[in-house]
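In terms of the working numbering, the sequence shown opens at residue 1337 and continues consecutively. Positions of the beta carbon are idealized from the N, C-alpha and C atoms, including for glycine.
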Amino acid sequence: MKNLHCPQCDTQRFFIKNEREKNLLVTVTEEYEIKPVYPEESLVGFDLTMLYCLGCSWNGSPKSLRGHKHKNKY
Ligand SMILES: [Zn+2]
């Protein structure tokens, strides 16, 4: 399974947040499925529409991530 990348710094790891401002480390698959890096973690209560990049200041929706297929463009 391939993961999507940050459009700015190319990392595959992101945080999501819940209403208590708790952070959860996740990756996002090519199918825009958000998966916790640690499988025992639950996504319940977290905002899955906003991702915060682990490597830079980027944040945005899963759909705005860069897939590996687009790399050939550059
Ligand atoms: Zn980034």
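Given Tyr-1410, which residues of its chain have a CB within under 7 Å of its CB, disregarding the five upstream and five downstream residues? Any answer about Tyr-1410 is weak, because its pLDDT of 47 lies below 50 and its placement is not dependable; what the coordinates show is given next. Here the set comprises nothing.
Report the option in Lys-1338, Met-1337, Asn-1339, Lys-1353 whose CA atom is closest to the CA atom of Asp-1383. Lys-1353
Can Thr-1347 be considered in contact with ligand 1, in the sense that its beta carbon sits closer than 8 Å to one or more heavy atoms? yes
Distance between Ile-1370 and Thr-1347 (C-alpha atoms, nearest Å): 15 Å
Determine the direct distance from the alpha carbon of Pro-1372 to that of Ser-1378, and round the result to whole angstroms. 7 Å
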